[in-house]
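Asker: Handing you this structure, nothing more for now.
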Amino acid sequence: MLIRLIQLILLTFTLAQSAQAAMITESGGIMTGATGIDVGGKLYDMELKDGTCVLLFGGCDEQSDFPFDAAGTQLALTQLQILISSSAFSNSPGLISGCPSSFICSFINPYEIHNVSGFIVMDEFRIYAFGSLPLIFQDVLIDPNFDTSIKAIGAVYAIWTAQPTGTIPEPSSLLLIGMGLLGQRLVRARSKRLPV
0 MLIRLIQLIL LTFTLAQSAQ AAMITESGGI MTGATGIDVG GKLYDMELKD
50 GTCVLLFGGC DEQSDFPFDA AGTQLALTQL QILISSSAFS NSPGLISGCP
100 SSFICSFINP YEIHNVSGFI VMDEFRIYAF GSLPLIFQDV LIDPNFDTSI
150 KAIGAVYAIW TAQPTGTIPE PSSLLLIGMG LLGQRLVRAR SKRLPV
């Protein structure tokens, strides 16, 4: 009986996995961002900030200033919509950092520099007082100096930061081989004791 208990504990220990759910971050009842959003198998943190694209995205003059391309931005916004729609902020735009309006709040996500105009190509996700509408992705051009800190605008930039990638804990090869050999030995020892 004791051996079975030890086997069960060892098996459980080696098979343990960790999981992390995306969470909205807030301060004083105001949504300020989210952590642990899965975008294409990689975890991101998102922070809501007012300002201009130039100030918030390192000059807003190179593709490398943006964390996603068009497809990545759409996936990130989809994940954000899923997270927010199941929260208290789903129909409360006035409770979102940078959005004083109680009617609408837009999350601006720039992802590309337009090759002719130099404007920024972005997608947005909107929350209305009556809830969010289905996402419609379209390329919208904005000036890199468009300032969301003007309070009448009702828009805020979503700043995405990749979480540091850590190694996934895996049992060592020696531990796996050792457990296999131990199991084999226990099975053999047990079969020798049983009458035939």
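In this text, residue positions in the sequence shown follow numbering that gives the first Met the number 0: the first is 0, and each later residue adds one. Note that the Cβ used here is the ideal one computed from N, Cα and C, for glycine as well. Note that the structure is predicted; figures quoted are calculated from it, not measured.
(1) What does the alpha-carbon distance come out to for the pair S85 and M178?
(2) Where are the beta strand (DSSP E) runs, 3 residues long or more, that stay fully inside the segment 18-66, in chain order?
(3) Taking 7 Å as the cut-off, is the C-beta of I29 nearer than that to any heavy atom in the ligand GTP?
(4) Note down the Cα distance separating I23 from I149, rounded to an integer number of angstroms.
(5) Does DSSP put V139 in a helix, in a strand, or in coil?
(6) Between Y156 and G50, how many whole angstroms is the CB-CB distance? I'm expecting something under 8 Å.
(7) Quick one: is D138 buried, meaning 16 or more other Cβ sit within 10 Å of its Cβ, or exposed?
(8) Nearest to F129 by CA position, among P143, V120, G97, A87, is which residue?
Answerer: In short:
(1) For the purposes of this step, residue 85 is taken as residue 86 along the sequence shown, with counting starting at 1. For the purposes of this step, residue 178 is taken as residue 179 along the sequence shown, with counting starting at 1. Note on geometry: alpha-carbon atoms of S85 and M178 lie some 43 Å from one another.
(2) 22-26, 29-38, 41-48
(3) The model on display carries no ligand, and the ligand GTP is accordingly not part of it.
(4) Taking the sequence shown and counting its residues from 1, the one referred to as residue 23 is at position 24. Taking the sequence shown and counting its residues from 1, the one referred to as residue 149 is at position 150. If you take the alpha carbons of I23 and I149, they lie about 24 Å apart.
(5) Mapped onto the sequence shown, residue 139 falls at position 140. V139: strand per DSSP, three-state reduction.
(6) The sequence position of residue 156 within the sequence shown is 157, counting from 1. The sequence position of residue 50 within the sequence shown is 51, counting from 1. At roughly 7 Å, the Cβ-Cβ gap stays under 8 Å, so Y156 and G50 are in contact.
(7) As a first step, residue 138 is located in the sequence shown; it is residue number 139 there, counting from the start. By the 10 Å Cβ count, D138 comes out exposed.
(8) Position 130 of the sequence shown, counted from the first residue, corresponds to residue 129. Minimum Cα distance to F129 is reached at A87.
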